[in-house]
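Have a look at the structure below, then the notes.
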Amino acid sequence: MSQQRTDLRNLAIIAHVDHGKTTLVDAMLKQSHIFRANQVVMERVMDSNPLERERGITILAKNTAVTYKTVKINIVDTPGHADFGGEVERVLNMVDGVLLLVDAVEGPMPQTRFVLRKALEMGHRVVVVINKVDRANARADYAANATFDLFIDLGATEEQAEFPIVYTDARRGQAGHAPTALGPDLQPLFETILSSLPPPEVEPNEPTQMLVNLLAYDDYKGRIAIGRIFAGRLHRAQEVVRIATDGTIYPDKVAQIFVHQGLDRIEVEKAEAGEIVAVAGLGEVGIGETIADKDAPRALPPIRVDEPTVQMTFGVNTSPTAGREGQWSSSRSLRERLYKELEHNVSLRVHDTESPDSFLVAGRGELHLVVLIETMRREGHEFQVSKPEVIFQTDPQSGGQLEPFERVSIEVPEEHAGLVVEMLGQRRGRLVDMRTGEQRIVHHEYIVPTRGLLGFRQAFLTATRGTGLLNSLFHGYAPMVGEIRGRDRGSLIAWEPGVATAYGLANAEGSGSLFIGPGTEVYEGMVVGEAAKEQDMQVNVAKQKHLTNMRSSTSDIAVRLSPVRQMSLDDCVEYLAEDELLEVTPKSLRLRKRVLDRHDRKRARITSQRPVSVG
3 MSQQRTDLRN
13 LAIIAHVDHG
23 KTTLVDAMLK
33 QSHIFRANQV
43 VMERVMDSNP
53 LERERGITIL
63 AKNTAVTYKT
73 VKINIVDTPG
83 HADFGGEVER
93 VLNMVDGVLL
103 LVDAVEGPMP
113 QTRFVLRKAL
123 EMGHRVVVVI
133 NKVDRANARA
143 DYAANATFDL
153 FIDLGATEEQ
163 AEFPIVYTDA
173 RRGQAGHAPT
183 ALGPDLQPLF
193 ETILSSLPPP
203 EVEPNEPTQM
213 LVNLLAYDDY
223 KGRIAIGRIF
233 AGRLHRAQEV
243 VRIATDGTIY
253 PDKVAQIFVH
263 QGLDRIEVEK
273 AEAGEIVAVA
283 GLGEVGIGET
293 IADKDAPRAL
303 PPIRVDEPTV
313 QMTFGVNTSP
323 TAGREGQWSS
333 SRSLRERLYK
343 ELEHNVSLRV
353 HDTESPDSFL
363 VAGRGELHLV
373 VLIETMRREG
383 HEFQVSKPEV
393 IFQTDPQSGG
403 QLEPFERVSI
413 EVPEEHAGLV
423 VEMLGQRRGR
433 LVDMRTGEQR
443 IVHHEYIVPT
453 RGLLGFRQAF
463 LTATRGTGLL
473 NSLFHGYAPM
483 VGEIRGRDRG
493 SLIAWEPGVA
503 TAYGLANAEG
513 SGSLFIGPGT
523 EVYEGMVVGE
533 AAKEQDMQVN
543 VAKQKHLTNM
553 RSSTSDIAVR
563 LSPVRQMSLD
573 DCVEYLAEDE
583 LLEVTPKSLR
593 LRKRVLDRHD
603 RKRARITSQR
613 PVSVG
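Using our numbering, read the sequence shown as starting at 3 and increasing by one per residue.
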């Protein structure tokens with residue numbers, strides 16, 4: 003028989019990226035006296051991953067816990083970016099309710115729709131938190147009304163649509179029931195959590211059931227399975243079974259059990275149903291598996307996430323510089339690392355290809371794959387990747403080809419609005435809403451084929467001079483909409499190997515913008531810049547000027563070189579053309595042609611243009 007654990011709440015914090023989830027968790031931790039009075043605590047303490055702190059976004063879901071009035075509140079901080087939606091989907095299985103953060107300035111955004119839809123589909127109750135009400139341009143009433151409209155649009159039940167609202171200034175750790183009447187602390191928020199979010203329904207006397215939602219790794223303890231106990235209990239040295247996602251049953255044994263308190267894991271002898279725990283000693287445990295009673299094994303429903311929409315080829319580095327800068331560069335190490343990622347990255351897919359040196363990697367978006375690339379290069383891996391491409395599907399009824407579409411939200415100053423309309427029109431975007439807000443900022447809503455967004459972000463930022471905001475969310479599959487033109491400029495390609503000189507670069511920059519500076523080692527076929535025209539251009543950036551007895555060859559030229567266009571990993575991935583690859587090492591990012599030899603490239607181009615005879 004099920005019963006409620008009134009001493010416990012399990013909740014997730016969901017929101018659009020940068021709406022303040024992690025900052026709010028910081029404030030809740032501080033007001034729960036998790037830290038010493040004199041302890042120095044960095045901002046966004048939950049974002050422990052270096053990439054998260056650098057990018058200012060949450061990538062990995064994380065657990066913490068606070069205690070308020072004898073009630074333990076387990077909190078899961080989730081990503082707000084749709085590319086990491088797999089993290090959101092699986093942690094929602096662990097909780098009974100959610101805090102939905104909405105920015106008082108922006109209101110609901112594309113990722114707000116995504117995360118809220120997932121929570122409502124699971125039947126969760128929601129507490130809406132309107133954050134950043136202290137901003138001078140805050141629109142708390144607009145944010146609240148727009149959020150209610152979103153609930154209705156997503157098919158919320160009558161009970162779900164009657165959500166309580168708490169207004170906060172997470173940065174100062176203040177909350178209240180009106181935007182102009184914030185209290186000195188977060189007490190109104192804590193009280194609303196206890197009164198509005200249900201305690202977990204548990205079956206303490208039934209056989210043990212725990213669903214593995216997350217994995218961690220410890221050098222001494224090995225894999226650590228994180229999840230919620232739905233029934234029964236777990237104790238140290240308990241003999242259990244693991245029920246794999248394919249139904250296979252493996253005998254196993256619990257070595258250690260941990261619960262969360264603040265940022266720490268506290269070892270305990272046992273844990274009861276309803277608690278979120280971390281369990282060590284379960285061998286090759288995987289996400290989605292059920293830890294069950296050995297005498298009465300019952301599997302819980304598996305975790306299901308949306309399928310990937312974008313894929314790239316990861317391959318062994320074949321550039322002339324291969325093997326110089328990476329610790330791991332073989333096909334074996336690349337394969338092992340990619341398949342290891344599948345153990346915890348549930349939205350990712352990896353497939354072998356006909357070549358033992360390359361693998362097809364599919365994810366939820368460009369950012370999802372870029373974060374994987376950056377993580378691997380920081381671990382010492384060296385490899386090369388291709389241009390991202392969308393994953394098509396076949397219509398089961400008509401047999402026609404379907405492609406993924408994104409719902410795109412764009413905000414730009416009024417002077418750039420016409421340009422945005424033109425750019426997305428060229429990429430087969432369909433305008434569904436357009437309105438002008440405060441300070442002459444124009445808001446656009448588009449439905450755009452994912453193909454049209456590949457490589458679009460950099461062009462968009464350049465066209466709007468960095469003033470535009472762009473967010474996208476997977477919309478669904480629909481029939482293909484026809485051809486979409488790719489990059490409208492060619493590449494500047496190194497003519498011969500050598501070291502780039504100021505003289506050679508000065509001659510080359512008349513043909514386009516450069517990605518490298520003097521002293522950079524180059525090889526034939528390496529992309530060194532973007533051409534000013536549509537066609538690729540060969541340039542000799544290693545060319546030397548003959549010295550005279552009058553002056554040094556580069557004494558005047560060096561100071562006249564234009565600033566180099568610095569290419570980040572995101573920029574490189576967006577820039578790639580179909581016939582190009584990105585060489586990734588722990589130290590360098592090098593763009594290159596697939597075929598390095600210029601004569602071979604010419605022959606391949608002629609062959610591809612030659613008509614094929616029939617009969």
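Beta carbons are placed, not taken as given, at the ideal position from N, Cα and C, and that holds for glycine.
* To do: Tell me whether Phe394 sits in a helix, a strand or coil according to DSSP, three-state version.
  => Your numbering for residue 394 matches position 392 in the sequence shown. Phe394 falls in the coil class under three-state DSSP.
* To do: Could you spell out where the alpha helix (DSSP H) holding Ser198 opens and where it closes?
  => For this step, residue 198 is matched to residue 196 along the sequence shown. Start and end: Gln189 to Ser198.
* **Per-residue DSSP class, three states only, for Asn133** => In the sequence shown, counting from the first residue as 1, residue 133 sits at position 131. Reduced to three states, the DSSP call for Asn133 is strand.
* **DSSP state of Lys74 mapped onto helix, strand, coil** => Indexing the sequence shown from 1 puts residue 74 at position 72. The answer is strand: DSSP assigns Lys74 an E or B state.
* Could you check what DSSP says for Ala177 in three-state terms: helix, strand or coil? => Translated into positions along the sequence shown, residue 177 becomes position 175. Strand at Ala177.
* Asked: Of all the options Val387, Val423 and Gly365, which has the alpha carbon lying nearest to the alpha carbon of Pro406?
  -> In the sequence shown, the residue the question calls residue 406 occupies position 404. If we check each option's Cα against that of Pro406, Gly365 comes out closest.
* CA-CA distance, Lys545 and Val312? -> Sequence index remark: in the sequence shown, residue 545 carries index 543 (1-based). Sequence index remark: in the sequence shown, residue 312 carries index 310 (1-based). Answer to the nearest angstrom: the Cα atoms are 40 angstroms apart.
* Contacts around Gly402, its chain only, beta-carbon distance under 7 angstroms, and the 5 residues preceding and following it disregarded -> One-based indexing of the sequence shown puts residue 402 at position 400. The answer, listed in chain order, is Pro481.
* Asked: How is Thr170 classed by DSSP in three states: helix, strand or coil?
  -> Walking along the sequence shown from the start, residue 170 turns up at place 168. The answer is strand: DSSP assigns Thr170 an E or B state.
* Asked: Would Arg11 be called buried (16 or more neighbouring beta carbons within 10 Å of its own) or exposed?
  -> Counting from one through the sequence shown, the residue named residue 11 turns up at place 9. By the 10 Å Cβ count, Arg11 comes out buried.
* To do: Would you list the residues sitting across from Ser335 in a DSSP beta bridge?
  => Within the sequence shown, residue 335 is the residue found at index 333, counting from 1. As computed with DSSP, Ser335 is found in no beta bridge at all.
* Going by the CB atoms, is the gap between Tyr525 and Ala504 shorter than 8 angstroms? -> Taking the sequence shown and counting its residues from 1, one reaches residue 504 at position 502. Taking the sequence shown and counting its residues from 1, one reaches residue 525 at position 523. For Ala504 and Tyr525, no; Cβs fall outside 8 angstroms.
* Kindly confirm or deny that the stretch 408 to 424 and the stretch 530 to 541 touch, where touching means at least three C-beta pairs closer than 8 angstroms. => no
* Asked: From what residue to what residue does the alpha helix (DSSP H) around Met425 run?
  -> Along the sequence shown, read from residue 1 onward, the residue named residue 425 stands at position 423. Start and end: Ala419 to Gln428.
* **Beta carbon proximity, Ser333 to chain D, threshold 8 angstroms** => Protein chains in the displayed structure number just one, and chain D is not present.
* Can you tell me where the alpha helix (DSSP H) with Glu160 in it begins and where it stops? -> Stepping through the sequence shown from its first residue, residue 160 is reached at position 158. First-last of the alpha helix (DSSP H) with Glu160: Glu160 to Ala163.
* Report the residue from Val423, Arg429, Lys223 and Arg430 whose alpha carbon sits nearest the alpha carbon of Arg437. => The residue given as residue 437 occupies position 435 in the sequence shown. If we check each option's Cα against that of Arg437, Val423 comes out closest.
* Can you grab the Cα-Cα spacing for the pair His2 / Tyr169, in whole Å? => No answer is possible for residue 2: it lies beyond the span of the chain, which begins at 3 and ends at 617.
* Per DSSP, Asp354 forms a beta bridge with which residues? -> What you label residue 354 is simply residue 352 of the sequence shown in a count that begins at 1. According to DSSP, Asp354 bridges with Phe361.
* Asked: What does Lys272 pair with, by DSSP beta-bridge criteria?
  -> Here residue 272 corresponds to residue number 270 of the sequence shown, with the count starting at 1. In DSSP, Lys272 forms a bridge with His237.
* Report the option in Gln162, Ile154, Pro110 and Met124 whose CA atom is closest to the CA atom of Tyr678. => Lying before the first or after the last residue shown, residue 678 is absent from the chain, which here runs from 3 to 617.
* To do: Enumerate in chain order the residues of its own chain whose CB-to-CB distance from Ala14 is below 7 angstroms, with the five nearest sequence positions on each side excluded.
  => Walking along the sequence shown from the start, residue 14 turns up at place 12. Excluding positions up to five away in sequence, the list reads Val78, Thr80, Val93, Leu94, Val97 and Val100.
* CA-CA distance, Arg594 and Thr320? -> Against the sequence shown, residue 594 aligns to sequence position 592. Against the sequence shown, residue 320 aligns to sequence position 318. In a straight line, the C-alpha of Arg594 is about 10 angstroms away from that of Thr320.
* **Bounding residues of the beta strand (DSSP E) (the contiguous stretch that carries Gly509)** => The residue labelled residue 509 in the question sits at position 507 within the sequence shown. Residue identity check: residue 509 is Asn in the sequence provided, not Gly. Element bounds for Asn509: not the beta strand (DSSP E) but the alpha helix (DSSP H), Ala504 to Ala510.
* Asked: Based on the DSSP output, what are the partners of Tyr479 in its beta bridges?
  -> Here residue 479 is taken as the residue at index 477 of the sequence shown, counted from 1. Paired residues: Pro406.
* Proximity to Pro310 [Cα-Cα], best of Ser333, Leu350 and Thr464 -> Taking the first residue of the sequence shown as position 1, residue 310 is located at position 308. Comparing Cα-Cα distances from Pro310 to each of Ser333, Leu350 and Thr464, the minimum goes to Leu350.
* To do: Could you tell me whether the stretch 380 to 400 touches the stretch 576 to 594, using the rule of 3 or more Cβ pairs below 8 angstroms?
  => As far as the Cβ criterion goes, the stretch 380 to 400 touches the stretch 576 to 594, which means the pair count is three or higher.
* Are the CB atoms of Gly325 and Asp359 nearer to each other than 8 angstroms? -> One-based indexing of the sequence shown puts residue 325 at position 323. One-based indexing of the sequence shown puts residue 359 at position 357. Cβ atoms of Gly325 and Asp359: not closer than 8 angstroms.
* Give the straight-line distance between the Cα atoms of Lys535 and Val450, rounded to the nearest whole angstrom. => Mapped onto the sequence shown, residue 535 falls at position 533. Mapped onto the sequence shown, residue 450 falls at position 448. Cα atoms of Lys535 and Val450: separation of roughly 27 angstroms, rounded to the nearest angstrom.
* What is the rounded straight-line gap between the Cα of Ala533 and the Cα of Ala508? -> Residue 533 sits at position 531 when you count from the first residue of the sequence shown. Residue 508 sits at position 506 when you count from the first residue of the sequence shown. Ala533 and Ala508: Cα-Cα distance of roughly 14 angstroms.
* **Residue nearest to Glu241 in terms of C-alpha spacing, selected from Arg7, Thr210, Asn473 and Gly468** => Taking the sequence shown and counting its residues from 1, one reaches residue 241 at position 239. The candidate whose alpha carbon is nearest that of Glu241 is Thr210.
* Asked: Where does Met3 sit, in a helix, a strand or coil, going by DSSP?
  -> Against the sequence shown, residue 3 aligns to sequence position 1. It is coil, neither helix nor strand.
* Looking at the unbroken alpha helix (DSSP H) that takes in Asp28, where does it start and where does it end? -> Along the sequence shown, one-based indexing puts residue 28 at 26. Looking at the DSSP string, the run of the alpha helix (DSSP H) that includes Asp28 is Lys23 to Gln33.
* Asked: Given that a residue counts as buried once 16 or more other Cβ atoms are within 10 Å of its Cβ, and exposed if not, what is Lys74?
  -> Working through the sequence shown from its first residue, we reach residue 74 at position 72. Buried, by the Cβ-count rule.
* Just how far apart, CA to CA, sit Leu103 and Ala17? -> For the purposes of this step, residue 103 is taken as the residue at position 101 of the sequence shown. For the purposes of this step, residue 17 is taken as the residue at position 15 of the sequence shown. So the alpha carbons of these two residues sit roughly 5 angstroms apart.
* To do: Apply the 10 Å Cβ neighbour rule to Arg432 and answer buried if 16 or more other Cβ atoms are within range, or exposed otherwise.
  => Position 430 of the sequence shown, counted from the first residue, corresponds to residue 432. Exposed: under 16 other Cβ atoms inside 10 Å.
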